[in-house]
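The sequence shown begins at 695 in the working numbering and counts up by one. All C-beta atoms, glycine included, are put in the ideal place defined by N, C-alpha and C. Treat the numbers as computed from the prediction; the structure is a model and nothing was measured. As structure tokens, the structure follows; a few thoughts come after it.
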Amino acid sequence: MSIKADKWIRRMALEANMIEPFEPGQVRSTDGHRIISYGTSSYGYDVRCSDEFKVFTNIESAIVDPKSFDETSFVDKTGDVCVIPPNSFALARTVEYFRIPRNVLTVCLGKSTYARCGIIVNVTPLEPEWEGHVTLEFSNTTPLPAKIYANEGVAQMLFFESDEQCETSYRDRGGKYQGQLGVTLPRT
């Protein structure tokens, strides 16, 4: 990038409507209460988790199969926090809606606040011209219940800009997760 990364993110968010809603600074508290930060950082953007969750449960003894995922393996929750059972996981989505430019690849990494508690955030890269709410997966690697906080920072997006546009974008390929709006389960 030829300009400072934080300025590039602000420019792309405003000119290309890349992130909506967009927070140009780093938010560390709301209503006088400390929160896990979100917004523009030095070289990325810290996203928030919405209040919509799908918590994995295996009361039906289902087999986890990405080609035939059983929706009854999840319990839907809405709220300010989500408690993930020990050694389990939950799906959520970002508050932010993304529109990735054709010459940008986005990679998501978990925030250290969660990682230091044994909570791992997993997201695949956001390819050029992908758009939608990002589905987030939170793995609780601990033997204890773990909390995720809605409307607070959960992961950081890093943006890699190329000198040229890609030959075939996610949109060109008709990607199966294009335009997703809620927490989206596996598709084949």
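*Given 8 angstroms as the limit, is there contact between the region 805-814 and the region 843-858, that is, 3 or more CB pairs closer than that?*
yes
*For the region 696-714 and the region 723-739, state whether three or more C-beta atom pairs, one from each stretch, are separated by less than 8 angstroms.*
yes
_the region 750-758 / the region 806-826 touching (three or more Cβ pairs under 8 angstroms)_ = no
*How is Y864 classed by DSSP in three states: helix, strand or coil?*
On the sequence shown, residue 864 is found 170 positions in, with the first residue counted as 1. Three-state DSSP puts Y864 in a helix.
*If you draw a straight line from the C-alpha of K748 to the C-alpha of L830, how long is it?*
Taking the first residue of the sequence shown as position 1, residue 748 is located at position 54. Taking the first residue of the sequence shown as position 1, residue 830 is located at position 136. So the alpha carbons of these two residues sit roughly 10 angstroms apart.
*asked:* Between T724, E746, N797, which has its C-alpha nearest S863's C-alpha?
replied: Within the sequence shown, the letter at position 169 stands for residue 863. Per the Cα distances, N797.
*When the Cβ atoms of the region 754-764 are set against those of the region 773-786, are three or more pairs found closer than 8 angstroms?*
no
*For P822, does the count of other Cβ atoms within 10 angstroms reach 16, so buried, or fall short, so exposed?*
Here the question's residue 822 lines up with position 128 in the sequence shown. Answer is buried; the Cβ neighbour count reaches 16.
*Close-in-space but distant-in-sequence residues of the same chain around Y791 (CB under 6 angstroms, 5 per side omitted)*: Mapped onto the sequence shown, residue 791 falls at position 97. Excluding sequence neighbours, Y791 sits near E714, H827.
*Since I believe A784 is in contact with S744 (beta carbons under 8 angstroms), could you give me their beta-carbon distance rounded to a whole number of angstroms?*
Numbered from 1 along the sequence shown, position 50 holds the residue referred to as residue 744. Numbered from 1 along the sequence shown, position 90 holds the residue referred to as residue 784. So it is not a contact: roughly 12 angstroms between Cβ atoms.
*Residues in its own chain within less than 7 angstroms of K870 by CB, not counting five upstream and five downstream?*
Counted from its first residue, the sequence shown places residue 870 at position 176. Result list for K870: R881, in chain order.
*asked:* Whole angstroms are fine: how far does the CA of R865 sit from the CA of A710?
replied: Stepping through the sequence shown from its first residue, residue 710 is reached at position 16. Stepping through the sequence shown from its first residue, residue 865 is reached at position 171. Taking the straight line joining both Cα atoms gives about 16 angstroms.
*Given that a residue counts as buried once 16 or more other Cβ atoms are within 10 Å of its Cβ, and exposed if not, what is F832?*
Against the sequence shown, residue 832 aligns to sequence position 138. Buried, by the Cβ-count rule.
*Below 7 angstroms CB to CB, which residues in the same chain sit around Q720 once its five sequence neighbours on both sides are set aside?*
Residue mapping note: residue 720 aligns to position 26 of the sequence shown, counting from 1. The residues are S731, G733, T734, S735.
_Residue range of the unbroken alpha helix (DSSP H) whose run includes A809_ = Numbered from its first residue, the sequence shown carries residue 809 at position 115. Looking at the DSSP string, the run of the alpha helix (DSSP H) that includes A809 is 806-809.
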